[in-house]
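In our numbering, the protein residues as written are 147 to 430.
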Ligand code: SF4
Ligand code: SF4
């Protein structure tokens, strides 16, 4: 079973939910779990799990290289490239590796065989075990814009097996990196906060998972008694709200010292038990 924890907006508490759910599964449900942190631009699950990491695995993408003596400056490579990653200017071919998606299109259309490929490093996959939970996460190199290939590598590092539950901590937003992270999941828990921005981005995330046709529910973080805008929206749309973490100063204090909610505040066990019960019910 693969459960994705996503949110339309950054800073909603997605990692808090993912790490605590992993902790609940391992320590209170006796289930093996792997947490896969796909938020490769800003991974932070490891701050809470503090894993003993193995040697990182380098991830590369192919980029074209032009052999000038074979190039006739016909411009076909620039014509085919949909990402403006290769240009033919004044009989010279220029390559912009940061824009290249490694699709190999230019290599296929080059009539003289002037294009070959070399590998370009974009980041690393880390893996280890912390608090008895397996953790895999990616770290995209600073300044690198191409996160989906690294997200795919992080997911491939830990293939789905029948004897464990995998939790995917997704990047924020609703664009390519999130779609890459969420794809192949059996269930999506959308984490939001009860603010106008939170609600706006939740609506976008709901549209996304509806298009992907994956069962989903909503979890509200930092909820307050006088702010029901997310609850009202979910009621109108028929979306179940399966987690409600209140605005609790003690959670912020635990978070600031790198502790999980379930390590510091045992009264929240029931909340995570209900989340798991709901998801297992939907997927059984
Ligand atoms: S490999 Fe694809 S994306 Fe990269 S330069 Fe060639 S056509 Fe463009
Ligand atoms: S397609 Fe090949 S020959 Fe034509 S400009 Fe590009 S590299 Fe040169």
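Ideal placement from N, C-alpha and C gives every residue a C-beta, glycine not left out.
Take the Cβ of residue i as the centre, count every other Cβ of all protein chains shown within 10 Å, and call the residue buried at 16 or more, exposed below.
| i | result |
| --- | --- |
| residue 367 | buried |
| residue 357 | exposed |
| residue 193 | exposed |
| residue 406 | buried |
| residue 227 | buried |
| residue 429 | exposed |
| residue 180 | buried |
| residue 354 | buried |
| residue 322 | exposed |
| residue 229 | exposed |
Whose C-beta lies closer than 7 Å to the C-beta of residue i among residues of the same chain, with five residues either side of it excluded?
| i | result |
| --- | --- |
| residue 327 | 150, 184, 297, 314, 316, 317 |
| residue 237 | 219 |
Taking the alpha helix (DSSP H) that residue i belongs to, which residues open and close that run?
| i | result |
| --- | --- |
| residue 418 | 415-429 |
| residue 398 | 395-402 |
| residue 296 | 294-303 |
| residue 229 | First-last for residue 229: undefined, no H or E at that position. |
| residue 328 | 322-328 |
| residue 409 | 407-410 |
| residue 191 | 191-195 |
| residue 310 | Taken as a continuous stretch (DSSP letters only), residue 310 belongs to no alpha helix (DSSP H), as it is neither H nor E. |
Once you ignore the five residues that flank residue i on each side, which residues in its own chain have a CB closer than 8 Å to its CB?
| i | result |
| --- | --- |
| residue 395 | none |
| residue 205 | 267, 268, 269, 270, 271, 284, 295, 296, 299 |
To the nearest whole angstrom, what separates the beta carbons of residue i and residue j, a pair I think is in contact under 8 Å?
| i | j | result |
| --- | --- | --- |
| residue 224 | residue 233 | 5 Å |
| residue 424 | residue 388 | 5 Å |
| residue 411 | residue 397 | 7 Å |
| residue 271 | residue 306 | With 8 Å as the limit, residue 271 and residue 306 do not qualify as a contact, their Cβ atoms being about 16 Å apart. |
| residue 239 | residue 365 | Their Cβ separation, rounded to whole angstroms, is 50 Å, which puts residue 239 and residue 365 out of contact at 8 Å. |
| residue 385 | residue 352 | 7 Å |
Could you tell me whether any non-hydrogen atom of ligand 1 is closer than 7 Å to the CB of residue i?
| i | result |
| --- | --- |
| residue 197 | no |
| residue 257 | no |
| residue 294 | no |
| residue 234 | no |
| residue 268 | no |
| residue 231 | yes |
| residue 226 | yes |
For the beta strand (DSSP E) that contains residue i, what are its first and last residues?
| i | result |
| --- | --- |
| residue 166 | It is not in any beta strand (DSSP E) - residue 166 instead sits in the alpha helix (DSSP H) that spans 160-174. |
| residue 201 | Per DSSP, residue 201 belongs to no beta strand (DSSP E) and is neither H nor E. |
Any Cβ of chain D within less than 8 Å of the Cβ of residue i?
| i | result |
| --- | --- |
| residue 164 | Structure shown: chain D not included; a single protein chain is present. |
So, for residue i: in the same chain, excluding its five sequence neighbours on each side, which residues have a beta-carbon less than 6 Å away from its beta-carbon?
| i | result |
| --- | --- |
| residue 260 | 212, 213, 216, 217 |
| residue 156 | 318 |
| residue 161 | 190, 191, 315 |
Does the beta-carbon of residue i, which I'm using as the reference point, lie nearer than 7 Å to any heavy atom of ligand 2?
| i | result |
| --- | --- |
| residue 223 | yes |
| residue 260 | yes |
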